[in-house]
Amino acid sequence: MTQSGYASERETTEGRVFTVTGGDWDTVTGSVDPLSNEKIVVNMGPQHPSTHGVLRLVLELEGETVTDVRPVVGYLHTGIEKNLEYRNWTQGTTFVTRADYLAPLFNEAGYCLAVEKLLGITDDITERANTIRVLFMELNRISSHLVWLATTGMELGAISMMLYGFREREYILDIFEETSGLRMNHAYFRPGGVAQDIPESAIKKIRDFLVYLPKKLKEYEDMLSGQVIWQERTQGVAVLDVTGCLALGVTGPVLRASGLAWDLRKTMPYCGYENYEFDVPTATTADVWGRYQVRLAEIRESLKIVEQALDKLRPGPIFISDKKIAWPAQLAVGLDGMGNSLEHVAKIMGQSMESLIHHFKLVTEGFRVPPGQVYVSIEHPRGELGVHAVSDGGTHPYRVHMRDPSFVNLQAIPAMAEGALLADVIAGGASLDPVMGGCDR
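Numbered according to full-length UniProt numbering, the sequence shown spans residues 1 to 441.
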């Protein structure tokens, strides 16, 4: 076994195998003499409740002051990108939706937009499909920000916020379940449109939610914004100015809280966002407080977009008309989730043998995508989500890589935490809103 600069490696009949361990723990601890040096090296995570999942931080401390931070990721690696290479283009949505599990519809949207760009059908997506996509993405943005508010509140001592945030999120998950059959990991967006139409009962629930949530947001602000402990834990803590954000590639609410109004829905619109009226909230404090203010304001802006999307919801098809691409199944939400409607199965079986063969081939093998590569980026609740998709002309991806904002934004933890107190590592890390499923994939 030889040693490289990154990990031990050895040759096998299958090729070179690398053994990756948990960072440089032995090297770091071995260089510290506990008798003559006051430095303490501690692990925070990967099982720590305040690291937002299985994030591991190797901290070097002098008293309560953090002198060095090493983020160690990879504890939630699921092989999503590699698995995509062994599934057809439509099946890929069931994998990408499981990356950032708090924003599954954004993963699906980025992937589907990339596939549609490769197919050259971006302009053929129906108005109703695009409107439903915008509607559900904004509901998902609200639910994601509610989880951020809930978990960050708990970590900084506002335990009531944890209960309230998840209570309101439950309302949105009920809407998702009524439409797609699932609360999370929906695979609802498909290349070419959406899996099935939104029912009238879900539309009514959304309109009720538009009345319900603004009152609750006011309660959150009354509970948190004037609270001295909340102010002490957030104001002037984990500062990262616009220069630092740009140098590290940090995007999303963290970048906007430093004063730069960069939002891909405005600067590089997709799915018809250019037809919606909304503002891009910013702050100038570049700290945890600013990120809190920006996310609250973003929830309100998302509510405005949801209301406009409901008004734009005209009757029409939810999938492109090209039968060589359009998923032929007519789905329905049944007792066991979403699946083929029995009426549609009976219709398919009663048609000609040619149509049955076409249906079978399209479902089992999938459609072919012309050779090429594309990069598509969308405004995810945590920043820029990019999807780089490569096709070799086959029925499944040659390669799909996701630029997940959680992974990129975690680079900022050392810049925000070194020189600060140990307690501020919690606040700073939480303010990035990392989701390790997206980070590790």
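Beta carbons: idealized from backbone N, C-alpha and C, even for Gly.
Let me know the secondary structure DSSP gives V250 once reduced to three states.
Looking at V250 - three-state DSSP - the assignment turns out to be coil, as it is neither helix nor strand.
Mind checking which residues open and close the alpha helix (DSSP H) that includes P315?
Premise fails: P315 is in no alpha helix (DSSP H) and is neither H nor E.
Which class does T94 belong to by DSSP, given the choice of helix, strand or coil?
Three-state DSSP puts T94 in a helix.
Going by DSSP, what residue range makes up the alpha helix (DSSP H) through N140?
That run of the alpha helix (DSSP H) goes E127 to E155.
Within the continuous beta strand (DSSP E) that includes T12, where are the two ends?
Its beta strand (DSSP E) spans residues S8 to T12.
With three or more beta-carbon pairs closer than 8 Å as the criterion, would you say the segment 165-174 touches the segment 138-146?
With the cut-off at 8 Å, the segment 165-174 and the segment 138-146 touch.
Applying the 10 Å Cβ sphere with the 16-neighbour rule, what's the burial state of A109?
The residue is buried, with at least 16 neighbouring Cβ atoms inside 10 Å.
Please work out which residues of its chain come closer than 6 Å, Cβ to Cβ, to Q373, disregarding the five sequence neighbours upstream and downstream, and give them in chain order.
Non-local C-beta neighbours of Q373 in its own chain, meaning closer than 6 Å and more than five positions away in sequence, comprise V390, ordered along the chain.
Return the Cβ separation of W262 and T90 in integer angstroms, given the expectation that the two are a contact with Cβ distance under 8 Å.
No, W262 and T90 are not in contact; Cβ-Cβ is about 32 Å, not under 8 Å.
C-beta atoms of E379 and R265 nearer than 8 Å:
Inclusion of E379 and R265 in the CB contact set at 8 Å is warranted, their separation being smaller than that value.
With respect to the beta strand (DSSP E) encompassing R441, which residues constitute its N-terminal and C-terminal limits?
Annotation for R441: no beta strand (DSSP E) segment contains it, and DSSP assigns it neither H nor E.
Whether L59 touches V72 by CB criterion (8 Å):
Going by C-beta atoms, L59 is not nearer than 8 Å to V72.
Express the C-alpha separation of G419 and P269 in angstroms, rounding to a whole number.
Put simply, the backbone Cα of P269 is about 39 Å away from that of G419.
Taking contact to mean 3 or more Cβ pairs, one atom from each stretch, closer than 8 Å, check whether the segment 122-137 and the segment 186-203 are in contact.
The segment 122-137 makes contact with the segment 186-203: 3 or more CB pairs, one atom from each, lie closer than 8 Å.
Ordered along the chain, which non-local residues of its own chain (more than five positions away) have a Cβ less than 6 Å from that of Y75?
Correct list, in chain order: P46 and V54.
Sheet register partners of H401 (DSSP bridge):
According to DSSP, residue pairing for H401 in a beta bridge involves H388.
Look at the alpha carbon of A238 and the alpha carbon of H401, and state the distance between them as a whole number of angstroms.
C-alpha separation (whole angstroms): 30 Å.
Go ahead and pull the three-state DSSP assignment for P371.
P371 falls in the coil class under three-state DSSP.
Who pairs with V39 in a beta bridge, going by DSSP?
According to the sequence provided, residue 39 is Lys. The question's Val does not apply to it. Looking at the DSSP assignment, K39 forms a beta bridge with E62.
Integer-rounded CB distance, given that P397 should sit under 8 Å from L84:
At roughly 5 Å, the Cβ-Cβ gap stays under 8 Å, so L84 and P397 are in contact.
Per DSSP, G15 forms a beta bridge with which residues?
G15 has T12 as its beta-bridge partners, per DSSP.
Which same chain residues, not among the five before or five after D424, have their C-beta less than 7 Å away from its C-beta?
Apart from the 5 residues on each side of it in sequence, D424 sits with its Cβ closer than 7 Å to the Cβ of V237, A238 and A417 in its chain, given in chain order.
DSSP state of E85, grouped into three classes?
Note: E85 maps to coil in three-state DSSP.
Compute the distance between the beta-carbons of L303 and P214, then report whether it is under 8 Å.
Judged by beta-carbon spacing, P214 lies within the 8 Å limit of L303, meaning their Cβ atoms are closer than that value.
Using DSSP with H/G/I as helix, E/B as strand and the rest coil, what is P434?
In the structure shown, P434 sits in coil (DSSP, three-state: anything other than H, G, I, E or B).
Starting from the C-beta of F95, find all residues in its chain whose C-beta is less than 8 Å away, skip the five residues before and the five after it, and write them out in chain order.
I80, N83, L84 and R87.
Boundaries (first-last residue) of the alpha helix (DSSP H) holding D222:
Where D222 is concerned, the enclosing alpha helix (DSSP H) starts and stops at E200 to L224.
Decide if Y171 is buried, meaning its Cβ has at least 16 other Cβ atoms within 10 Å, or exposed.
By the beta-carbon neighbour count (other beta carbons within 10 angstroms, threshold 16), Y171 is buried.
Could you name the residues of the same chain whose beta carbon sits closer than 6 Å to that of G428, not counting the 5 residues immediately before and after it, in chain order?
The answer, listed in chain order, is A238, M416 and A417.
Those residues which DSSP pairs with E379 across a bridge:
Bridge partners of E379: E384.
Run through DSSP, which three-state label would V194 get?
Three-state result, V194: strand.
Give the list of continuous alpha helix (DSSP H) stretches no shorter than 4 residues that lie fully inside the segment 246-303.
If only complete runs of 4 or more residues are kept, the segment 246-303 shows the alpha helix (DSSP H) at 253-256 and 264-267, in order along the chain.
Between the Cα of D287 and those of E274, R233 and F278, spot the shortest distance and give me the residue it belongs to.
Ranking E274, R233 and F278 by Cα distance to D287 puts R233 first.
In terms of residues, what are the limits of the alpha helix (DSSP H) holding E116?
DSSP places E116 inside the alpha helix (DSSP H), whose first and last residues are P104 to L119.
Contact set for D241: own chain, Cβ-Cβ below 7 Å, skip 5 residues either direction
So the qualifying residues of the chain are S258 and A286.
Whole-angstrom distance between M436 and V42, CA atom to CA atom
Straight-line Cα distance between these residues: approximately 21 Å.
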